[in-house]
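Participant:
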Amino acid sequence: MNLYTKIFVTALIPLIIIIVISFIQINHVIDNQIKNFYKKELRDKSIISNKINETIKQIYINLNIISSVYEVKEAFRFNDNDILTIWGKKFLDSQKMIFFVDLNGVVLSRAHDEFKFSDSLKNSDFYTSLQTNGVLHKLTYIDNTLCLLIGKKVLQYDKSVGFILIAQEIKSKFLENLEDGTLFNLHVKENIDLKKIQKVEDILVYESSVDKDIETTKQLREFLFFSLISLVAFLSVFLFIIIKKHLKPYIKLTEILSTFSNNKISLMQLRKDVKQIYKTNVMHEINSIARAIQSMAVQVQKDKIKLQRLSQIDQLTQVYNRRKIDSIFNLKFEEAKRYNTIFSIIILDIDYFKSINDNYGHDMGDKVLVEIARVLRTNIRVTDYVARFGGEEFLIVCTKTNAAECKKLCEKLRKKIHNINIIDKLKISSSFGYVEYDSNFTSKDYMFKVADNFLYEAKNSGRDCIKG
Amino acid sequence: MRFFILSIFFAISLFSKSIIIGVIHFKSAENLTKLYSPLLEYINKNSEYKMELIVSRDYKHLISLINKNQIDIAVLGSYLYVKNLNELENTNYLATSLRLINDKITWHYNSFIITKMQNSEINSIKDLKGKRFGFTDKNSTSGFLYPNYMLKEEGIDYKKDFSKYFFLKKHNRVMEALLNDSIDAAGTFDQVVYDTQKLYADKIKTLAISYPIPLDVFISTSKLNFEDTNRIKRLLLDYKAKPEINQILGFTKVKKNVFEDIKSIIKSNNY
Numbered sequence: 006m007n008l009y010t011k012i013f014v015t016a017l018i019p020l021i022i023i024i025v026i027s028f029i030q031i032n033h034v035i036d037n038q039i040k041n042f043y044k045k046e047l048r049d050k051s052i053i054s055n056k057i058n059e060t061i062k063q064i065y066i067n068l069n070i071i072s073s074v075y076e077v078k079e080a081f082r083f084n085d086n087d088i089l090t091i092w093g094k095k096f097l098d099s100q101k102m103i104f105f106v107d108l109n110g111v112v113l114s115r116a117h118d119e120f121k122f123s124d125s126l127k128n129s130d131f132y133t134s135l136q137t138n139g140v141l142h143k144l145t146y147i148d149n150t151l152c153l154l155i156g157k158k159v160l161q162y163d164k165s166v167g168f169i170l171i172a173q174e175i176k177s178k179f180l181e182n183l184e185d186g187t188l189f190n191l192h193v194k195e196n197i198d199l200k201k202i203q204k205v206e207d208i209l210v211y212e213s214s215v216d217k218d219i220e221t222t223k224q225l226r227e228f229l230f231f232s233l234i235s236l237v238a239f240l241s242v243f244l245f246i247i248i249k250k251h252l253k254p255y256i257k258l259t260e261i262l263s264t265f266s267n268n269k270i271s272l273m274q275l276r277k278d279v280k281q282i283y284k285t286n287v288m289h290e291i292n293s294i295a296r297a298i299q300s301m302a303v304q305v306q307k308d309k310i311k312l313q314r315l316s317q318i319d320q321l322t323q324v325y326n327r328r329k330i331d332s333i334f335n336l337k338f339e340e341a342k343r344y345n346t347i348f349s350i351i352i353l354d355i356d357y358f359k360s361i362n363d364n365y366g367h368d369m370g371d372k373v374l375v376e377i378a379r380v381l382r383t384n385i386r387v388t389d390y391v392a393r394f395g396g397e398e399f400l401i402v403c404t405k406t407n408a409a410e411c412k413k414l415c416e417k418l419r420k421k422i423h424n425i426n427i428i429d430k431l432k433i434s435s436s437f438g439y440v441e442y443d444s445n446f447t448s449k450d451y452m453f454k455v456a457d458n459f460l461y462e463a464k465n466s467g468r469d470c471i472k473g
Numbered sequence: 030m031r032f033f034i035l036s037i038f039f040a041i042s043l044f045s046k047s048i049i050i051g052v053i054h055f056k057s058a059e060n061l062t063k064l065y066s067p068l069l070e071y072i073n074k075n076s077e078y079k080m081e082l083i084v085s086r087d088y089k090h091l092i093s094l095i096n097k098n099q100i101d102i103a104v105l106g107s108y109l110y111v112k113n114l115n116e117l118e119n120t121n122y123l124a125t126s127l128r129l130i131n132d133k134i135t136w137h138y139n140s141f142i143i144t145k146m147q148n149s150e151i152n153s154i155k156d157l158k159g160k161r162f163g164f165t166d167k168n169s170t171s172g173f174l175y176p177n178y179m180l181k182e183e184g185i186d187y188k189k190d191f192s193k194y195f196f197l198k199k200h201n202r203v204m205e206a207l208l209n210d211s212i213d214a215a216g217t218f219d220q221v222v223y224d225t226q227k228l229y230a231d232k233i234k235t236l237a238i239s240y241p242i243p244l245d246v247f248i249s250t251s252k253l254n255f256e257d258t259n260r261i262k263r264l265l266l267d268y269k270a271k272p273e274i275n276q277i278l279g280f281t282k283v284k285k286n287v288f289e290d291i292k293s294i295i296k297s298n299n300y
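Protein chains in written order, with my numbering: chain A, 6 to 473; chain B, 30 to 300.
Rendered as structure tokens:
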């Protein structure tokens, strides 16, 4: 899995958790809202019922007040339309009708229609009911208007003097008052059988806006869900692109480092690739990291070269050490063996070196070593290799050199060493043993042994001579 | 200077005599003030009297104020004046007011019994039997007393012979009820009839017109002495106003027999 995929998934998980929690919360809130709508519907029905009861109660209170007024009772007795109208008007509003009817059913006054009176209600069913029961409470049509009609007998000294009727018009304004502040839109049912219905609530059609509200709420839930899903999708893509964009150089760097750690590329290649990264991501924070890696790689390479040199060069004489010359000697031996090429080796030993150390001190000895190494290094071919092989012993590997050529080189070197003048009294000489490669040599050690034997022979022959 | 002005006010108040005039509360206090203000201002201006207006609760209260000598002058409808003559023994008749009725300056008005022109079956008072009738008020001269007298003369007892009768208090309400067909006929006073006829020509049919009914009677109580009574009487009879300024245009003295007619009408109504 890519790094950016891992980071993307890591970032996406909390996002998904938040979204899921949001889904649950939205669902919970919407469900509660819908429940509240149903509760409000029930409450509003109760409110409407209370309003109706309050209206009826108020009508009864008004009836009781008007019917208890002495002036009104007298007005019934004397057919005083004026007094009745005045009292009726005190309790009138735009949705009410108030009738004063005498015992014969003749209207003495209509408070709501001042100059319309004297007609008879004797044949109306509600008048019969009122006369029989003394009270009236029913739904009926008055002048084609559906009304709740409440009536009461008016008594004076326990004797009936007439009736008062208050009609509450069940029209749009009354319905508006009832539905005001509720969820309902009220209508009156069509084709009502008033003989069977006595309660105002029973003739009403409760057209609730709850269903519409619930539908709107559900649509809101769907919208919120869709929005959240869209948001998740958008954020996921956006996040992926951003993460990918930002992590791409890291991935590249990781791949380079991984390839390097698997030894698939060299340190040099690593440097090149890392350089490419910081050059192409100038503004990116990877630039600093890549530069740091680059610096580290450069430092490592420098240190490696230094170490390599330290491992191959003799510290004092600055010529190859024994390990390096062994390796070269081995390579040349194998090369000669495989390709049948020629090469020679020279072993050189400083004569009386111990006496130099004893007589002139180790510092002088070191100087002699350094000077001889310099002479050797400057007088061999570039294709030849010289190394300090042991204390005062040097080994020279001469490429494509036969025994005769090798002897010449030894002679040349012997003379050059003679010319070394560190201090006047000190005469420096060397003994040489050399050998050309022969296919009969089974190993380089054997070849070395042969050369070493010639050196030994030279030493035994009075030193400062060449044997091979 | 201030002392001088105060002295003048003190002298005026010392020499001016306060006259209290009592009226019945048949209109709002504001309207009553408006009605009587020009007359009171006239007396104030033309005499040393300082006129004050008192509005009584009802006519009984006014009679009581008269008998207790709490007022100097009283204004009564002619019917109430005649009806309560026994209680007004110590009073003096001053004058009867003049008003503009049907574009004529007159000391009297008339009560009418009317129906709608469209009621073709009603052409006389006798035709009103079994019909619905509207009065104004039992205490109204032109809205009940005179119509009832005219009905009786034609043999109609309002309690028995009408299918229904109503008391509608005000003359305009009576007319409205008639125009709305809530009643078949009505008793009211001439001004309402004339005004309605001006608005709706040929809509009202007159069935009977009463004897002349004197307008408001001004009387003095025993609180007012002989000299002051004569002085006030003279001032009233000299009073002249234009219709656009005041409804009371002036005063006149009516013959006693006019009040005798009212007496006989009251008697016939068993009051």
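By construction, the Cβ of each residue, glycine as well, lies at the ideal position given by its N, Cα and C atoms.
1. Any C-beta of chain A within less than 8 Å: which residues of the segment 148-162 of chain B qualify?
2. By Cβ distance, which residues of its chain are closer than 7 Å to A/LEU199, with the 5 residues on each side in sequence left out?
3. Compute the Euclidean distance between the alpha carbons of A/SER266 and A/TYR283, then round it to the nearest angstrom.
4. Reducing DSSP to helix, strand and coil, say where A/GLY167 ends up.
5. Please determine, among B/ILE185, B/GLU182, B/LYS189, B/ALA214, the residue with the shortest C-alpha to C-alpha distance to B/LEU197.
6. Assign A/THR322 to one of three DSSP states: helix, strand, or coil.
7. Can you pull the chain D residues whose beta carbon is under 7 Å from the beta carbon of B/LEU180, in chain order?
8. Using the C-alpha atoms, what's the distance from A/ASP429 back to A/ALA463?
9. Skipping 5 residues on each side, what residues in its chain have a beta carbon closer than 8 Å to that of A/VAL210?
10. Counting only beta-carbon atoms, is B/TYR187 nearer than 8 Å to chain A?
11. What distance in whole Å lies between the Cβ atoms of B/LEU129 and B/LEU278, which are believed to be in contact at a cut-off of 8 Å?
12. Buried or exposed: where does A/ASP185 fall if 16 or more other Cβ atoms within 10 Å of its Cβ makes it buried?
13. What residue range is occupied by the uninterrupted alpha helix (DSSP H) comprising B/VAL222?
14. Looking at A/ILE422: is its Cβ nearer than 8 Å to the Cβ of A/ILE471?
15. Hey, B/PHE141 and B/VAL203 are a contact pair by Cβ (cut 8 Å); roughly how many whole angstroms apart?
16. Spell out whether any CB of chain B is found under 8 Å from the CB atom of A/TYR193.
17. Apart from the five residues just before and just after A/TYR132, which ones in its own chain have a Cβ nearer than 6 Å to its Cβ?
18. Using a Cβ cut-off of 8 Å, pull out every chain A residue sitting near B/ASN209, in sequence order please.
19. Output the boundary residues of the beta strand (DSSP E) element that contains A/CYS403.
20. For B/LEU69, which residues from the same chain have a beta carbon less than 6 Å from its beta carbon, with the 5 sequence-adjacent residues on both sides left out?
21. Could you tell me which residues DSSP pairs with A/SER51 in its beta bridges?
22. May I have a chain-ordered list of the alpha helix (DSSP H) segments no shorter than 4 residues that lie completely inside the segment 73-97 of chain B?
23. Helix, strand or coil for A/CYS415? Go by DSSP, reduced to three states.
24. What does a CB cutoff of less than 8 Å around B/ALA206 pick up in its chain, not counting 5 residues either side in sequence?
25. On the three-state DSSP scale, how would you describe A/ILE103?
26. Does DSSP classify A/SER213 as helix, strand or coil?
27. Check distances from the C-beta atoms of the segment 199-225 of chain B to those of chain A and list, in chain order, the residues that come in under 8 Å.
28. Count the other CB atoms within 10 Å of the CB of A/SER123; is the residue buried (16 or more) or exposed (fewer)?
29. Is the segment 243-252 of chain B touching the segment 110-130 of chain B in the sense that three or more CB pairs, one from each, lie closer than 8 Å?
30. Where does A/ALA116 sit, in a helix, a strand or coil, going by DSSP?
31. Which residue from A/MET102, A/GLU119, A/LYS342 puts its Cα closest to that of A/THR90?
32. Here's a check: name, in chain order, each residue in its chain whose Cβ is nearer than 8 Å to the Cβ of B/LEU35, leaving out the five neighbours to either side.
33. Would you give the residue range spanned by the alpha helix (DSSP H) that B/ARG260 belongs to?
34. What residues from chain B crowd round A/ASP85, counting only those whose CB sits closer than 7 Å?
35. Helix, strand or coil, according to DSSP, for B/TYR122 in the structure here?
36. Where does B/ILE37 fall in DSSP's three states?
Facilitator: In this structure, then:
1. ARG161
2. LEU144, THR145
3. 20 Å
4. strand
5. B/ALA214
6. coil
7. Given the protein chain composition of this structure (A and B), no chain D is represented.
8. 26 Å
9. LEU191, HIS192, VAL193, LYS194
10. no
11. 6 Å
12. exposed
13. 219-228
14. no
15. Their Cβ separation, rounded to whole angstroms, is 10 Å, which puts B/PHE141 and B/VAL203 out of contact at 8 Å.
16. One detail in the question is off: residue 193 of chain A reads as Val in this sequence, not Tyr. So no, A/VAL193 is outside the interface.
17. GLY110, LEU126
18. PHE120, LYS121
19. 398-404
20. MET80
21. The partner list for A/SER51 (beta bridge, DSSP) is empty, contrary to what the question assumes.
22. 88-96
23. helix
24. GLY163, PHE195, LEU197, ILE212, ALA215
25. strand
26. strand
27. LYS199, ARG202, GLU205, ALA206, LEU208, ASN209, SER211, ILE212
28. buried
29. yes
30. coil
31. A/GLU119
32. Residue confidence is low: B/LEU35 scores 47 on pLDDT, short of 50, so the model does not pin down where it sits. No coordinate-derived value is stated.
33. 255-267
34. PHE196
35. strand
36. With a pLDDT of 47 at B/ILE37, under the threshold of 50, the predicted position of this residue should be treated as unreliable, and no value is reported.
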